[in-house]
Amino acid sequence: MPNWVLLREAAHHLVKNGKTVFTRKELTRVARQIDNTRSEASLDFEIDLVTVNSNSKDRYRDPDKLFLYRLDRGKYTLYNPEIHGSIDEYIYIKTLHVRKDFLTQIVSELENHGYKVVEILQSPKPWNPNIIALENDSRIGVWIVDPSQDPNTQLRTLAYVIGSSLLNRDLDKHIIILPQLIANKIPNNVKEELIKLNIKLVALKEEKKYSILF
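Under our numbering, the first residue of the sequence shown is numbered 126, with each subsequent residue one higher.
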């Protein structure tokens, strides 16, 4: 049984017994009562990974593994989307975060292709791209799917940025840069339909360094 499953059982046990708000220590204690072979340290670390509003960079992206909500320092409850908001608010927007060094490489590649980068957002707000660039008189939103993400997260990010680029009409065009493996799986007719909406999918080739395949 993985640690996250063990913690979920422990959390439900606490709630079932009238403890709707609990501390990290209470949660790990009950989890170790279920399986005393798990160390308290490993369970305590796992709490940050299964907490929907955790700031941990290692937090799970799979909605099935996110079941806790942090109320205050050290105090938790079971996550309830009707009370705490949709899972999308916690997962899909945060998937847009891009590594700083990787973002620098993309900016350099864009400039090599004649674009003038005017704004960079490592963690953009909803509907806003990672980069805003100029090409002639056009303002272009550049969205990035980070290849360091796991495949499921990459696909969720892609779905989110396509939707966001459709909704963001403040920019003239949109470019979505994504790993070549995913780009190759997208049918040409889908790419053509997106182009009609001023959204272009561009593959990212990784060799010794990243290069954009316009």
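Glycine included, each C-beta is placed from N, C-alpha and C at the ideal position.
Quick caveat, the model's predicted, so the values are computed rather than measured.
- The straight-line gap separating the alpha-carbon atoms of Asp-262 and Pro-127 is approximately 54 Å.
- When DSSP states are grouped into helix, strand and coil, Pro-276 belongs to the helix group.
- For Pro-188, the three-state secondary structure derived from DSSP is helix.
- The secondary-structure analysis by DSSP pairs Val-327 across a beta bridge with Ile-302.
- In the same chain as Ser-181, and ignoring 5 residues on each side of it, the C-beta atoms closer than 8 Å to its own belong to Asp-173, Leu-174, in chain order.
- In this structure the segment 270-282 does not lie against the segment 232-246, because fewer than three pairs of beta carbons, one per stretch, are closer than 8 Å.
- One alpha carbon belongs to Gln-305, the other to Arg-281, and they sit about 16 Å apart.
- Per the C-alpha coordinates, the member of Leu-139, Leu-152, Ile-302, Ala-308 positioned closest to Leu-228 is Ile-302.
- Around the C-beta of Arg-198, fewer than 16 other C-beta atoms lie within 10 Å, and the residue is accordingly described as exposed.
- Listed as beta-bridge partners of Lys-241 by DSSP are Leu-259.
- Between Tyr-185 and Leu-191, the CB-CB gap stays under 8 Å.
- The residues Pro-272, Ile-302, Leu-303, Pro-304, Gln-305, Tyr-335, Ile-337, in chain order, have a CB closer than 7 Å to that of Leu-329 in the same chain once the five nearest residues on each side in sequence are set aside.
- Under a 10 Å Cβ-count criterion, Pro-276 is classified as exposed, with fewer than 16 other Cβ atoms of the shown protein chains found around its own Cβ.
- Per DSSP, reduced to three states, the secondary structure at Ile-231 is helical.
- Trp-268 has Ile-301 as its beta-bridge partners, per DSSP.
- The three-state secondary structure of Ser-181, taken from DSSP, is coil.
- Closest in alpha carbon position to Val-146, among Tyr-204, Ser-179, Asp-213, Lys-325, is Tyr-204.
- Counting only the Cα atoms, Gly-266 lies some 5 Å from Ile-257.
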